[in-house]
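There are 2 protein chains.
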Amino acid sequence: MRSSNVTLKSIADRLNVSVTTVSRVLNGKSDRYRISKETQELINTAAKELSYSPNQLARGLRLKRTNTIGYIIPDISNPFFSSIAKNVEKSARKLGYSILLCDSEEDTKIEENLLQLMIDRKVDGLIISPVGLEVNHLRRIAQKNIPIVLLDRYFPELNLPFVTSDNYKGALEAVNMLIEHGHKRIACIQGLVNTSPNNDRVRGYIDAHKTHELSVDKKLIVGDSFGEENGYIETKLLLKQDDPPTALFAVSNLISLGAIRAISEEGLKIPDDISMVSFDDQPYSRFLSTPMTTVSQQNSQIGQIAIKLLIDQIESNRQLEPKGIFLPTRLISRDSVKRNINLGIKAIG
Amino acid sequence: MRSSNVTLKSIADRLNVSVTTVSRVLNGKSDRYRISKETQELINTAAKELSYSPNQLARGLRLKRTNTIGYIIPDISNPFFSSIAKNVEKSARKLGYSILLCDSEEDTKIEENLLQLMIDRKVDGLIISPVGLEVNHLRRIAQKNIPIVLLDRYFPELNLPFVTSDNYKGALEAVNMLIEHGHKRIACIQGLVNTSPNNDRVRGYIDAHKTHELSVDKKLIVGDSFGEENGYIETKLLLKQDDPPTALFAVSNLISLGAIRAISEEGLKIPDDISMVSFDDQPYSRFLSTPMTTVSQQNSQIGQIAIKLLIDQIESNRQLEPKGIFLPTRLISRDSVKRNINLGIKAIG
DNA sequence: AAGTTAAGAACAAACGTTTGCGCAATTTAA
DNA sequence: TTAAATTGCGCAAACGTTTGTTCTTAACTT
């Protein structure tokens, strides 16, 4: 029922030549195998006429190459990831590869299943933004010699190539700026604990304090997810503390959205009542009720580099000596940070 | 080099049975083909031990079924599409299908190539948010009896199932509201002309005027793309008109972002100087400098319904009598619309 | 005891490619 | 004239599954 398919065989039959010959002509190997000009001509026109197009399943099976890249991402609806995905897909497409996309929903178990699914589908390589809490399933892949590149989140203890922003420096710079604006009680609403972007950003937050010989109040490092909800809840709680922070460092764009919601619910204003810096710049960041000061990542480059690294690995057929690439971030100053001359919100109110 | 693969044959050899038997046991067809319990046991444990997992390429070739759905989208970085993509992928995954994702970059030529690419990869079905300007390549697919569902953009003249928002009603409601707030000169910044969402929204815009016996100034219907740039440029021009509009109807979220940029560059305020309603609600819409009144679409349902429709078609193996599904929108009132008591900006200034 | 049935499993073809090797016919060289 | 080289192309295997059919042995009938 589903369309009478035109195959090498159907072309061969029609022209009374062998499948072999047709294959060779259509693959541009006529010269190497000495196919006559006339036969070439015949085959080429027949192929065009029937609009032949090779079955990639059969091709993949025979060639052990599918020109497909598996791409696992924790949340495609997060604009941070979707803007990266845009470039991953585009770069891959330009180099002749397609993307098998799966969303792990920040769930390691799902991620593990997806990994197997992709191997079964014989992808040529993998780009993964892993959940980042577990590493063993990825280690196993690495041992199977399947080309792989980690994106955004990586594992210091694992010898796999990765591309990510220099989250440490980005956070350091952001929090330094906050401190230099006179803030001493700066809350850090973190994302998924023990993932590299989170840990690097928190480390930057802590080191900025150290540089300025400021002690870190552990009660000000809160939260456990990159999502909006987490930003909302933790901000609510922070604002109720006895000695609330004068500034907020939100570790992701979604967290900052949640924080803004909480802050406005409490009737407070940014930056008058509380200052704020957020990781991830977004197209809308400058249009928020208070244009947000953000740490901007090079989303477009990240995806491109990841694909290049991966395809290099695939096509050179060698295990690249794994290297990690850190891309610089940029602090975009807008209006969400105020110079702090007081000791805290209470002094203001 | 790339991992010694465990196949049906390797299991068969090790146990001195035939490939056939192994296949049957592992596919749960032991009973139908009377394989003894012992043999089953043997095969099952061997498979587990070697962690056998079938080659989906070979399987697909033989079965003519890949459990893969091709998904073509004009811009995955657009949060409107990425939030839909989230649900498309998730629903598909839950029903046992994977997504081959490609971005057409709003380019019909690319879309056409991608279509062929997906057919060659033997996807079981297609979900497409087409560019929407050309229809012939889609018509050809339809004739090949490949299951397909259109998402967001559809073709009234083409007999293909689709899922989309009720863009007409959504626009009608939004513009009605603007008119009822006293606005008489309402600009409409449209998206890609001749795509269904655009045309339906513009039609809503026009009909709202008709209902209120207001004439439509053609000079106020401007623009040609769903992107941010378009919103910016057209707003700039609109504001320079002799008799500028008192309200703006932005046909997409990106357009409204561009409009906001232009408006703030001109030193104007929403809604004091100009009112605004935008299609597409986004998580950040409520946090914009002026919380935006929007027409919200049911992004999560759209994706789910599209997948269900498609998989129904695939698994029932029949050409569904094609039906279009329109999902209701919801007007979310915030602060970007002001009651207009004047005749225009000039009267205000 | 001969014929019938059932159990258990294997054969072989098919899906659509690609490719190492071989073969016949023709041309060139000696 | 004969051997060698070249031209032009096909055979058949392989990739890893699935499945209709057949085969062998053992068990059951009557």
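Protein sequences appear in the order of chains U and A. Its first residue numbered 1, the first sequence is counted upward by one per residue in my numbering. Its first residue numbered 1001, the second sequence is counted upward by one per residue in my numbering. Note that CB positions come from ideal geometry on N, CA and C, so glycine has one too.
What are the start and end residues of the beta strand (DSSP E) that includes LEU100 (chain U)? 98-103
Listed by chain order, chain U residues near ILE1270 (chain A) by CB distance under 7 Å: Per Cβ cutoff of 7 Å: no residues; ILE1270 (chain A) is ~10 Å from chain U at best.
For SER1225 (chain A), which three-state DSSP category applies? coil
What is the DSSP secondary structure of PHE81 (chain U), reduced to helix, strand or coil? helix
Enclosing beta strand (DSSP E) for PHE20 (chain U) [first to last residue]: The residue asked about is misnamed: residue 20 (chain U) is Thr in this sequence, not Phe. Taken as a continuous stretch (DSSP letters only), THR20 (chain U) belongs to no beta strand (DSSP E), being part of the alpha helix (DSSP H) at 19-26.
Rounded distance between the beta-carbons of VAL1025 (chain A) and ILE1043 (chain A), thought under 8 Å: 4 Å
List the residues of chain U that ALA1085 (chain A) touches, going by C-beta distances under 9 Å, in chain order. ILE76, SER77, SER82, ALA85, LEU101 and ASP103
What residue does the beta strand (DSSP E) around LEU1331 (chain A) start on, and which one ends it? 1330-1332
Taking the straight line between their C-alpha atoms, what separation do you get for PRO1054 (chain A) and SER316 (chain U)? 27 Å
Tell me whether LEU172 (chain U) sits in a helix, a strand or coil according to DSSP, three-state version. helix
Could you give the C-beta distance for PHE1080 (chain A) and ASP1280 (chain A), rounded to a whole number, given that I count them as a contact under 8 Å? 5 Å
Tell me the rounded alpha-carbon separation between ARG1002 (chain A) and GLY70 (chain U). Low local confidence applies: a pLDDT of 37 at ARG1002 (chain A) is under 50, so the model's placement there is unreliable, with the coordinate-based value given in what follows. Going from the Cα of ARG1002 (chain A) to the Cα of GLY70 (chain U) covers about 17 Å.
Same chain, Cβ closer than 6 Å to SER23 (chain U), neighbours up to 5 away in sequence not counted: LEU8
Compare the C-beta of ASN27 (chain U) with all C-beta atoms of chain A and state if any pair is closer than 8 Å. no
Could you tell me which residues DSSP pairs with PHE249 (chain U) in its beta bridges? U:CYS188 and U:VAL277
At 7 Å on the CB atoms, spell out the chain U contacts of LYS1090 (chain A), in chain order. ASP103
DSSP on ILE1076 (chain A), reduced to helix/strand/coil? coil
Does ASP1120 (chain A) come within less than 8 Å of chain U when only Cβ atoms are used? yes
Please list, in chain order, the residues of the stretch 265-297 of chain U that have any C-beta partner in chain A closer than 9 Å. GLN282, PRO283, TYR284, SER285, ARG286, PHE287, LEU288, SER289, THR290 and PRO291
Which value, in whole angstroms, describes the spacing of the CA atoms of GLU1041 (chain A) and LYS1048 (chain A)? 11 Å
Could you tell me whether any Cβ in chain U is nearer than 8 Å to the Cβ of GLU1228 (chain A)? yes
Considering Cα atoms alone, identify which of U:ILE307, U:LEU254, U:PRO245 and U:SER129 is closest to TYR97 (chain U). U:ILE307
So the alpha helix (DSSP H) VAL131 (chain U) belongs to, where does it begin and stop? Unbroken run through VAL131 (chain U): none, as it is neither H nor E.
Check whether the Cβ atoms of LEU1220 (chain A) and ILE1186 (chain A) lie closer than 8 Å to each other. yes
Take GLY1170 (chain A) as the anchor and find which of A:ALA1262, A:VAL1251 and A:ILE1314 has the nearest alpha-carbon. A:VAL1251
Out of A:SER1129, A:ARG1330, A:SER1333 and A:ILE1314, which one is the CA nearest neighbour of LYS1064 (chain A)? A:ILE1314
Assign SER1215 (chain A) to one of three DSSP states: helix, strand, or coil. coil
Who are the neighbours of GLN1056 (chain A) on chain U, taking C-beta pairs under 8 Å? ASP120, ARG121 and LYS122
Output the boundary residues of the beta strand (DSSP E) element that contains LEU1151 (chain A). 1148-1151
At what residues does the alpha helix (DSSP H) containing LEU1115 (chain A) begin and finish? 1108-1120
Which whole-angstrom value describes the C-beta separation of ILE73 (chain U) and SER36 (chain U), a residue pair presumed to lie in contact below a C-beta threshold of 8 Å? Incorrect: roughly 51 Å between the Cβ atoms, too far for contact.
Could one say the Cβ of SER1098 (chain A) lies closer than 8 Å to chain U's Cβ atoms, at least one of them? yes
ILE1325 (chain A) versus ASP1312 (chain A) - alpha carbon distance: 15 Å
Distance, Cα to Cα, ASN1194 (chain A) vs ASP75 (chain U)? 32 Å
Quick check: the Cα distance between HIS1212 (chain A) and ALA262 (chain U), rounded to an integer number of angstroms? 41 Å
Thinking GLY288 (chain U) and VAL149 (chain U) are a contact (beta carbons under 8 Å), I'd like their distance in whole angstroms, please. The amino acid occupying residue 288 (chain U) in the given sequence is Leu; Gly does not appear at that position. With a Cβ gap of about 33 Å, LEU288 (chain U) and VAL149 (chain U) do not count as contacting.
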